[in-house]
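See below for the structure under consideration.
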């Protein structure tokens, strides 16, 4: 099978191709060959709390170590910590073993360059060529390596990049989704003076994202001022105050006065935000790598996705949920927070198998647009799923009509 990067790295079901020990060994070797071909020698690896993450790391090492790659491992740490360390420690590549917000059965590999950012298109293509045998491997003498633990250094660096706020008058509910930030995130908040209640901070290998975290924020604050809800690898955030949940669109609105320039969202960003920003909003494709690219092209200082991936020109080199939450507190103070007026929105998704139906063959989305609605119909970059968003007064009905048409087209081939 041909292995390629999706929206955010390589992702699949643990135990099924390409996430089998033998194929992961080849993938590990490919990462190592890409490092060597670019004059590097050292890699940093972190992981989330899925039960498969440990053996996936072992399988990757079986491909990396014989090449003589020096391996640093950080254990269970948030994705943002690996990105930050890749940029500021002497490593040539960072890998994070995680499937982010997906269920525990899935897993993935996120890759970061020595600048802490997602790999360039050219580096990503090179890695894919090594994985798929499209480049000739140079014969190297077999070597061994003993991975060095760098967890303390990685977390210390990550913590140093957080806004140093006085949270002594805050009581915060921290929901880590039983994921990678379950230990480090509440500790940072406590060091800043906050009183912290923990939710989703008892991982067992199979409960990551299960009814907790950014996908399932709490409905009660239990006396707290604010809930900070992270996903499985800690790179996205949703906040909850006494008036309800704040998603990435709300966070962009709260951050709007930190810059006079453009603000980058995605095609999924609510139309109401575009209206209140009065021409400042730029839209990218879905995926934080596309948000980052559009930010760079337009010298934008902030960007984000409704899902809670937030990016800043200065500070963390990639999305980090805790960092984003602290930036909100830094600029907006203590909750409750002001909201913008949203367009009515409905979203849904459909799992499918087999071939994709070309979206341009669907007529219902165009009919919805003609009736004054904004529609986004797209295939997920990480799952076999069609995602549907409709904004407007009759959004719920139009979502159902689009689903019905898609299912009919799937059945008829």
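Numbering (the numbering used here), first residue to last: 43 to 455.
Using N, Cα and C, we set each Cβ at its ideal position, and we do this for glycine too.
Practice task
From the DSSP output, read off the bridge partner residues of residue 114.
Solution key: Counting from one through the chain shown, the residue named residue 114 turns up at place 72. Answer is 86, 190.
Problem - Bridge partners - residue 427, DSSP secondary structure assignment - result: Position 385 of the chain shown holds residue 427. 393.
Exercise for the section: Using the Cα positions of residue 313 and residue 432, report the straight-line distance between them to the nearest angstrom. Expected result: Start at 1 with the first residue of the chain shown, and residue 313 comes out as number 271. Start at 1 with the first residue of the chain shown, and residue 432 comes out as number 390. The straight-line gap from Cα to Cα measures roughly 10 Å.
Exercise for the section: Following the continuous alpha helix (DSSP H) through residue 218, name the residue where it begins and the one where it ends. Expected result: Counted from its first residue, the chain shown places residue 218 at position 176. Run containing residue 218: none; DSSP gives neither H nor E here.
Exercise for the section: Buried or exposed for residue 206, please, with buried defined as at least 16 other CB atoms from any protein chain shown within 10 angstroms of its CB. Expected result: The residue you call residue 206 lines up with position 164 of the chain shown. With fewer than 16 other Cβ atoms within 10 Å, it is exposed.
Exercise for the section: Mind reading off the beta-carbon distance from residue 449 to residue 370? Whole number of angstroms is fine, and I expect it under 8 Å. Expected result: The residue labelled residue 449 in the question sits at position 407 within the chain shown. The residue labelled residue 370 in the question sits at position 328 within the chain shown. Not confirmed; about 40 Å, so no contact.
Handout entry: Selection from 270, 249, 230 that minimises the alpha carbon distance to residue 259
Key = What you label residue 259 is simply residue 217 of the chain shown in a count that begins at 1. Comparing Cα-Cα distances from residue 259 to each of 270, 249, 230, the minimum goes to 270.
Problem - Proximity winner among 424, 111, 310, relative to residue 82 (alpha-carbon distances) - result: Numbered from 1 along the chain shown, position 40 holds the residue referred to as residue 82. For the residues 424, 111, 310, the minimum Cα distance to residue 82 belongs to 111.
Exercise for the section: State whether the region 377-388 contacts the region 434-441, with contact taken as three or more CB pairs (one from each stretch) at a distance under 8 Å. Expected result: yes
Problem - Given residue 158 as reference, the closest of 121, 409, 142, 420 once Cα atoms are compared - result: Along the chain shown, one-based indexing puts residue 158 at 116. Ranking the options by Cα distance to residue 158, first place goes to 121.
Handout entry: Ordered list of alpha helix (DSSP H) runs contained in the region 203-272, each at least 4 residues
Key = 226-233
Exercise for the section: Label residue 144 either buried or exposed according to how many other C-beta atoms from any shown protein chain fall within 10 Å of its C-beta, with 16 as the threshold for buried. Expected result: Position 102 of the chain shown holds residue 144. Buried.
Handout entry: Beta-carbon proximity check, residue 303 vs residue 48, cutoff 8 Å
Key = As a working note, residue 303 is residue 261 in the chain shown. As a working note, residue 48 is residue 6 in the chain shown. The answer is no: Cβ separation not under 8 Å.
Exercise for the section: Return the CA-CA distance between residue 401 and residue 454, expressed in angstroms with no decimal places. Expected result: As a working mapping, residue 401 is identified with position 359 in the chain shown. As a working mapping, residue 454 is identified with position 412 in the chain shown. Cα to Cα, residue 401 sits roughly 15 Å from residue 454.
Exercise for the section: Let me know the secondary structure DSSP gives residue 292 once reduced to three states. Expected result: Stepping through the chain shown from its first residue, residue 292 is reached at position 250. Looking at residue 292 - three-state DSSP - the assignment turns out to be helix.
Exercise for the section: Grab the span of the beta strand (DSSP E) containing residue 280 for me, first residue to last. Expected result: Position 238 of the chain shown, counting from 1, holds the residue named residue 280. Its beta strand (DSSP E) spans residues 279-283.
Exercise for the section: Mind reading off the beta-carbon distance from residue 375 to residue 294? Whole number of angstroms is fine, and I expect it under 8 Å. Expected result: Numbered from its first residue, the chain shown carries residue 375 at position 333. Numbered from its first residue, the chain shown carries residue 294 at position 252. With 8 Å as the limit, residue 375 and residue 294 do not qualify as a contact, their Cβ atoms being about 17 Å apart.
Exercise for the section: Report buried or exposed for residue 184, applying the criterion of at least 16 other Cβ atoms within 10 angstroms of its Cβ. Expected result: By 1-based counting over the chain shown, the position of residue 184 is 142. Exposed.
Handout entry: Burial state of residue 43, where buried means 16 or more other Cβ atoms lie within 10 Å
Key = Reading the chain shown from its first residue, position 1 is the one you call residue 43. Per the 10 Å Cβ criterion, exposed.
Problem - Pairwise C-alpha distance: residue 368 and residue 396 - result: On the chain shown, residue 396 is found 354 positions in, with the first residue counted as 1. On the chain shown, residue 368 is found 326 positions in, with the first residue counted as 1. Rounded to the nearest angstrom, the two C-alpha atoms are 43 Å apart.
Problem - Counted within 10 angstroms of its Cβ, other Cβ atoms place residue 211 as buried (16 or more) or exposed - result: By one-based count along the chain shown, residue 211 stands at place 169. Exposed, by the Cβ-count rule.
Practice task
Please specify which runs of the alpha helix (DSSP H), each continuous and at least 4 residues long, are wholly inside the region 313-357, giving them in chain order.
Solution key: 313-318, 330-340
Problem - Local conformation of residue 365 per DSSP, three classes - result: As a working note, residue 365 is residue 323 in the chain shown. Residue state, collapsed to three classes: helix.
Exercise for the section: Answer yes or no: do residue 140 and residue 90 have a C-beta to C-beta separation smaller than 8 Å? Expected result: By one-based count along the chain shown, residue 140 stands at place 98. By one-based count along the chain shown, residue 90 stands at place 48. Contact flag set, yes.
Problem - Start-to-end residues for the alpha helix (DSSP H) that takes in residue 381 - result: The residue you call residue 381 lines up with position 339 of the chain shown. Premise fails: residue 381 is in no alpha helix (DSSP H) and is neither H nor E.
Practice task
Measure the CB-CB distance between residue 128 and residue 86 and report whether it falls below 8 Å.
Solution key: Residue 128 sits at position 86 when you count from the first residue of the chain shown. Residue 86 sits at position 44 when you count from the first residue of the chain shown. Yes. Within cutoff.
Handout entry: Chain-order list of residues whose beta-carbon lies under 8 Å from that of residue 412 (same chain, five-residue window excluded)
Key = In the chain shown, counting from the first residue as 1, residue 412 sits at position 370. Counting only Cβ-Cβ distances below 8 Å, and skipping sequence neighbours, we find nothing.
Exercise for the section: With distances taken Cα to Cα, identify the nearest neighbour of residue 353 among 315, 278, 268. Expected result: On the chain shown, position 311 is the one that residue 353 refers to. Residue 353 has its Cα closest to that of 278, out of 315, 278, 268.
Exercise for the section: Classify residue 441 as helix, strand or coil using the three-state DSSP reduction. Expected result: For the purposes of this step, residue 441 is taken as the residue at position 399 of the chain shown. The answer is helix: DSSP assigns residue 441 an H, G or I state.
Handout entry: residue 163 - containing beta strand (DSSP E), residue span
Key = Here residue 163 refers to the residue found at position 121 when the chain shown is read from its first residue. Looking at the DSSP string, residue 163 is not in any beta strand (DSSP E); the run it does join, the alpha helix (DSSP H), is 163-173.
Practice task
With a 10 Å radius around its C-beta and 16 neighbouring C-beta atoms as the bar for buried, classify residue 194 as buried or exposed.
Solution key: Position 152 of the chain shown, counted from the first residue, corresponds to residue 194. By the neighbour-count rule (16 or more Cβ atoms within 10 Å), residue 194 is not buried but exposed.
Exercise for the section: Return the residue from the list 440, 276, 393 that minimises the CA-CA distance to residue 429. Expected result: Locating residue 429 in the chain shown gives position 387, where the first residue counts as 1. For the residues 440, 276, 393, the minimum Cα distance to residue 429 belongs to 393.
Practice task
Report yes if the C-beta distance between residue 138 and residue 73 is below 8 Å; otherwise report no.
Solution key: Indexing the chain shown from 1 puts residue 138 at position 96. Indexing the chain shown from 1 puts residue 73 at position 31. No; because the gap between Cβ atoms is not below 8 Å, this pair is not in contact.
Problem - Nonlocal neighbours in the same chain, by C-beta distance under 8 Å from residue 186, ignoring five residues either side - result: Counting from one through the chain shown, the residue named residue 186 turns up at place 144. Excluding positions up to five away in sequence, the list reads 107, 108.
Exercise for the section: Could you tell me how far apart the beta carbons of residue 226 and residue 168 are, in whole angstroms, since I believe they sit closer than 8 Å? Expected result: One-based indexing of the chain shown puts residue 226 at position 184. One-based indexing of the chain shown puts residue 168 at position 126. About 32 Å; that fails the 8 Å criterion.
Problem - Any non-hydrogen atom of the ligand MN closer than 7 Å to residue 250 Cβ - result: This structure simply doesn't include the ligand MN, nor any ligand for that matter.
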